[in-house]
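Report on one structure; see the data block that follows.
There are 2 protein chains.
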Amino acid sequence: MSRRTLKLGAVLLGVGGPGQHRTWLDPEIPADASVDIDWYVARAQEAEAAKFDLVFIVDSQFITPDSPHHYLSRLEPLTLLSALALQTRNIGLVGTATTSYNSPFNLARRFASLDHISRGRAGWNVVTSGDAGTAGNYSRDEHYDYATRYGRALEHVRVAQGLWDSYEPDALPRDKEAGVFLDPTKLHALDHRGEYFSVVGPLNLERSPQAHPVIFQAGDSEEGRDLGAEIADAIFTHAATLEQAQAFRTELRDRAAAKGRDPENVLVMPGIFPIIGETDEEARAKQDAILGSKSFERALKELGRPFGWHDFTVYDLDAPFPDVRDAGERSFRTQANAISKLARDENLSLRQVVERFSQSWSSPFVGSPETVADAIQAWYDAGAFDGINISVNVPSEFALFTDRVLPILRERGVVRREYESSTLRGNLGLPEPENRYAAARAAAPQDEPVLVS
Amino acid sequence: MSRRTLKLGAVLLGVGGPGQHRTWLDPEIPADASVDIDWYVARAQEAEAAKFDLVFIVDSQFITPDSPHHYLSRLEPLTLLSALALQTRNIGLVGTATTSYNSPFNLARRFASLDHISRGRAGWNVVTSGDAGTAGNYSRDEHYDYATRYGRALEHVRVAQGLWDSYEPDALPRDKEAGVFLDPTKLHALDHRGEYFSVVGPLNLERSPQAHPVIFQAGDSEEGRDLGAEIADAIFTHAATLEQAQAFRTELRDRAAAKGRDPENVLVMPGIFPIIGETDEEARAKQDAILGSKSFERALKELGRPFGWHDFTVYDLDAPFPDVRDAGERSFRTQANAISKLARDENLSLRQVVERFSQSWSSPFVGSPETVADAIQAWYDAGAFDGINISVNVPSEFALFTDRVLPILRERGVVRREYESSTLRGNLGLPEPENRYAAARAAAPQDEPVLVS
């Protein structure tokens with residue numbers, strides 16, 4: 001089998017990269033973009049015109065006045081994506097939803113509805129909620145611990161997949177002449193009783209065009225990687241260097257294979273931050289301007305997020321980095337631990353940590369259109385990723401990517417010229433999941449001739 | 001104040017009325033209409049062209065093979081309504097969502113998102129889930145008892161309203177020049193700790209165009225009426241006779257007044273089933289054909305629903321109606337009790353009960369366009385309702401109403417000629433809720449001059 005073309009995801013108002021906190025100040029972005037449906041429609045249509053595989057909506061259910069600004073007020077992802085569904089035709093619609101504070105019946109139903117409405121373009125980015133404060137919005141005194149979060153996530157997704165199988169493909173003859181709506185032998189209760197959820201079923205919605213909406217997952221912890229290898233069709237991640245990206249993808253594929261999965265069906269798609277200029281020099285100057293725009297004070301506040309929005313302003317900036325690992329235990333633990341470890345290993349002060357993590361960032365994809373295209377192709381050829389996610393927020397920057405970089409990659413056969421399919425699963429080159437009951441029926445000895453439907 | 005025009009709701013695939021179970025067999029309705037977004041878009045646009053106030057989507061999260069057919073497989077209401085939002089401009093979008101199996105933070109956010117996306121046309125039909133089997137889909141062995149269902153509903157709605165007030169109207173200056181996104185003194189945590197829910201807040205979504213999406217409520221029990229009088233902007237109900245409808249509306253208005261509310265802001269909107277012919281005779285023949293189409297076997301099965309899908313086929317049809325009141329205790333209790341009481345009072349057999357409740361129904365709105373228009377106006381003038389809900393399922397029948405009945409009512413000034421507002425609240429003539437924190441601020445003595453924003 002020939003390798004897939006490079007998959008392209010467009011992140012709307014995504015977190016990450018330098019300057020993220022300044023998005024709302026950009027003269028090209030309406031300050032209220034995060035609640036303006038027309039803005040989302042325009043960005044999704046631009047990404048579709050450039051033959052992107054998907055738009056991706058991040059999410060969180062907890063805010064503080066220190067949240068990056070757009071996140072203080074934004075639309076709920078599935079409501080938003082459903083509105084986009086009838087304004088687009090081919091692009092995938094991937095929404096973030098947490099397994100920690102939703103019930104599997106409700107989420108399975110909402111994603112299956114989106115899949116019907118979009119005629120097969122729904123995707124679910126499965127998260128467990130890193131912000132510990134989320135618990136307070138859901139009648140809990142404390143956020144679930146790490147093991148519980150990931151245990152719930154796995155069971156939640158398995159229940160959703162079971163509900164999506166409730167109806168066999170031919171369960172609803174809807175034969176008006178014969179007066180037969182349902183074949184009740186092909187509608188199945190799930191009867192799930194697990195550690196975290198009990199769900200009888202069946203789902204009150206038939207098999208959707210993709211059978212199962214595409215599952216995305218992010219999360220870099222041991223538990224996160226294990227969950228991704230188990231359930232994900234595609235993994236969102238980050239990629240600081242080519243070697244790290246290669247190592248991550250190799251590890252994920254190995255984990256998936258160890259679980260009996262075909263690693264070709266687990267796509268690794270890091271977020272990258274191309275900075276494009278007419279020349280390499282112009283692009284580097286652009287990067288310097290972006291980095292310089294972030295204040296130390298803002299960076300100090302944002303450092304608190306992986307540590308459950310811990311307040312770092314109370315410490316001496318030039319004393320050794322404080323030991324606040326406990327604060328991160330129920331938040332973004334992997335990131336918090338990595339920061340703490342580096343600070344210990346290199347004996348860094350708080351000031352040095354802030355500078356290291358927030359100010360001295362450099363994109364591996366900076367330069368002229370040719371330079372950026374070359375770098376993307378080199379990483380792709382080296383097996384660093386199956387696809388990339390890039391921000392679609394600033395129209396002029398996105399246009400530099402679609403109008404200057406993509407044509408080079410298209411000429412080289414790295415990205416598609418036209419959509420191959422009307423479904424997200426089809427465009428990503430992923431197989432359609434088999435219905436578990438239909439599969440069992442096909443495997444069982446037949447007493448009667450099978451009717452052709 | 002002059003009285004409002006008669007409000008018009010269009011029910012898509014709504015339950016009720018004779019022949020409901022046969023909807024999918026209608027030659028004008030695609031058999032898969034319940035999952036076909038194009039069908040919903042077309043119906044909503046027809047209702048909007050006729051200047052209806054709203055489309056209304058019913059819901060349930062529990063199915064059995066005996067469910068009325070379309071309900072075996074249908075789209076989730078909010079996902080569906082969000083897709084309709086960008087295909088319509090003026091019509092209200094009212095979705096059913098249960099307070100028994102949703103968290104207030106999630107529902108508040110989803111309805112506020114729909115309100116932003118639709119530019120002010122969202123409505124929430126608050127239900128508590130009558131089908132006791134729903135519990136099994138939400139990790140519960142048993143459905144909540146009646147008192148708990150209604151206690152949760154009231155607290156749930158109050159929490160949602162509190163979350164909708166999180167941002168004062170001018171909390172987000174988003175002043176790019178001054179670099180000020182948020183005025184943190186105008187963003188408020190709710191800090192709710194109640195009997196059923198604890199929710200810290202704030203909501204991560206600013207005040208929506210209607211401030212609070214419009215609240216609808218149905219439910220005919222004592223608890224249901226009390227809840228409606230307390231929280232509802234509009235009440236969905238049924239209306240068998242003019243006198244019953246008058247009495248219900250008077251009672252609801254009195255209850256609302258007793259709670260300190262202006263009864264003018266509680267609209268009573270029963271579902272009615274006009275059957276229209278060129279002549280009264282033709283219409284009556286149409287009604288007879290609809291009634292005759294329902295089999296006794298089907299009616300016997302459907303009688304089970306208010307009693308938690310109790311199986312009535314096991315009883316002797318000609319023995320006295322069995323005492324199965326317990327079966328209805330956690331389902332549609334009011335309806336189950338009414339049926340049981342009538343059977344006892346009149347000493348009816350099971351067969352007679354089936355015939356009474358399913359076969360001998362008669363619409364008060366049967367006749368020529370003039371006859372139906374006269375009846376609607378007579379009820380409206382007599383204070384039987386503030387608005388009506390009718391089914392929009394069968395295009396030719398709906399066209400008879402919009403093209404033949406509405407022009408008569410329009411000529412008489414009973415219904416509108418044009419939308420008065422771009423919001424549902426505006427078209428229903430309901431006041432905009434005041435933000436609780438802004439109100440407190442306005443009421444408090446001011447230390448500083450108030451800035452005009």
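The listed protein sequences derive, respectively, from chains A and B. With UniProt numbering as the guide, the letters of the first sequence map in order to residues 1 to 453. With UniProt numbering as the guide, the letters of the second sequence map in order to residues 1 to 453. Backbone N, C-alpha and C fix where the C-beta goes; we use that ideal spot for every residue, glycine too. Note that the coordinates shown come from a computational prediction; the quantities given were computed from them, not determined experimentally.
Can you name the residues of chain B whose CB is closer than 7 Å to the CB of A/His69?
Phe181
Please report the straight-line C-alpha distance between A/Asp381 and A/Asp288, rounded to a whole angstrom.
Each residue's alpha carbon lies about 29 Å from the other.
Specify, as a first and last residue, the run of the beta strand (DSSP E) that B/Trp124 falls within.
Ala122 to Val127
With a threshold of 8 Å between beta-carbons, can A/Ser453 be considered close to chain B, or not?
Low per-residue confidence applies at A/Ser453: pLDDT is 32, beneath 50, and the placement is therefore not dependable, though the value from the model is reported in the following sentence. No, A/Ser453 does not count as interfacial toward chain B.
Using Cβ-Cβ distances below 7 Å, what residues of the segment 136-156 of chain A are close to chain B?
Gly136, Asn137, Tyr138 and Ser139
Mind checking whether B/Phe385 and B/Leu350 have CB atoms under 8 Å apart?
no
Closer than 9 Å, Cβ to any Cβ of chain B: which residues of the segment 273-297 of chain A, in chain order?
none
Are A/Val415 and A/Leu424 touching if we call contact CB-CB under 8 Å?
No, Cβ-Cβ distance for A/Val415 and A/Leu424 is not below 8 Å.
Contact check, B/Lys33 vs B/Trp39, beta carbons under 8 Å
Residue identity differs from the one stated: residue 33 of chain B is Ala in this sequence, not Lys. Yes; because the gap between Cβ atoms is below 8 Å, this pair is in contact.
Got a sec, what are the start and stop residues for the beta strand (DSSP E) B/Lys7 sits in?
Lys7 to Leu12
Pull up the CB-CB distance for A/Pro270 and A/Ile388, whole angstroms please, since I reckon it's below 8 Å.
Contact holds; Cβ gap of about 6 Å.
Sufficient close CB pairs (3 or more, under 8 Å) joining the segment 91-109 of chain A to the segment 303-319 of chain A
no
List in chain order: all unbroken alpha helix (DSSP H) runs of 4+ residues lying wholly within the segment 213-291 of chain B.
222-231 and 242-258
Return helix, strand or coil for B/Leu187, following the three-state DSSP convention.
strand
So B/Phe197 contacts chain A; which residues on that side make the cut at Cβ distance below 7 Å?
Ser139
In chain order, what are the residue ranges of uninterrupted beta strand (DSSP E) at least 3 long that sit wholly in the segment 341-378 of chain B?
none
Against chain A, does B/Ser129 count as a neighbour if the rule is that its beta carbon must be under 8 Å from one of theirs?
no
Mapping DSSP to helix, strand and coil, what is A/Thr96?
strand
Proximal residues to A/Gln87 (C-beta, below 8 Å), its chain only, five neighbours per side dropped:
Val41, Ala44 and Gln45
If we cut at 8 Å on Cβ distances, does B/Ile57 have a partner in chain A?
no
Any beta carbon of chain A sitting closer than 8 Å to that of B/Phe105?
Chain A, which has a Cβ nearer than 8 Å to the Cβ of B/Phe105, makes this yes.
Short CB-CB distance (under 8 Å) between A/His102 and chain B:
His is not the amino acid found at residue 102 of chain A; the sequence shown has Asn there. Answer yes: the Cβ-Cβ gap between A/Asn102 and chain B drops below 8 Å somewhere.
Which one of B/His238, B/Glu282 and B/Gly224 has the shortest CA to CA distance from B/Arg255?
Nearest option by C-alpha distance: B/Gly224.
Taking Cβ positions, are B/Pro395 and B/Glu28 nearer each other than 8 Å?
yes
If we define contact as Cβ-Cβ less than 8 Å, is B/Ala375 a contact residue for chain A?
Taking Cβ atoms only, chain A never reaches closer than 8 Å to B/Ala375, which makes this a no.
Delimiting residues of the beta strand (DSSP E) encompassing A/Ser82
Counted as a single uninterrupted DSSP element, the stretch harbouring A/Ser82 is not any beta strand (DSSP E) but the alpha helix (DSSP H) occupying residues Pro77 to Ala85.
Going by beta carbon distance, what residues of the same chain come within less than 6 Å of A/Ile275, once the five residues before and after it are set aside?
Ala283, Lys286, Gln287, Ser363 and Val366
Taking just the CA atoms, how far does B/Ala85 sit from A/Leu114?
14 Å
What residues in the segment 26-52 of chain A bring their beta carbon closer than 7 Å to a beta carbon of chain B?
Ala31, Asp32, Val35 and Ile37
How many angstroms separate the CA atom of B/Ser118 from the CA atom of B/Glu206?
15 Å
Between the beta-carbon of A/His116 and the beta-carbon of B/Ile57, is there less than 8 Å?
With respect to the 8 Å criterion, A/His116 and B/Ile57 are not classified as neighbours on the basis of their beta carbons.
Report the CB separation of A/Asn435 from A/Pro169 in whole angstroms; it is logged as a contact under 8 Å.
6 Å
Could you check whether the Cβ of A/Leu12 sits closer than 8 Å to any Cβ belonging to chain B?
no
If the cut-off is 8 Å on Cβ atoms, which residues from the segment 72-87 of chain A count as contacting chain E, listed in chain order?
Of the protein chains in the structure, A and B, none is chain E.
Taking 8 Å as the threshold (beta carbon to beta carbon), is B/Val200 in contact with chain A?
yes
Checking contacts by CB at 8 Å: is B/His212 closer than that to chain A?
no
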